[in-house]
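Below is one structure, written out as structure tokens, with a few remarks after it.
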Amino acid sequence: MVRRLQQAQPVPLALQLQLLARQLQVLLPQQVLA
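Start counting the sequence shown at 1; every next residue gets the next number (full-length UniProt numbering).
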């Protein structure tokens, strides 16, 4: 598993932004309703 992590390329910035946006879409409505 460690070998796989070392060979794995860093996550593309676009993918990180997409995941972050998805998390914000889930968290923000909860904070507004709270």
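For glycine and all other residues, C-beta sits at the position ideal for the given N, C-alpha and C.
One Cα belongs to residue 24, the other to residue 10, and the distance between them is close to 22 Å.
One Cα belongs to residue 28, the other to residue 12, and the distance between them is close to 24 Å. Here the C-alpha atom of residue 17 lies approximately 14 Å from the C-alpha atom of residue 26.
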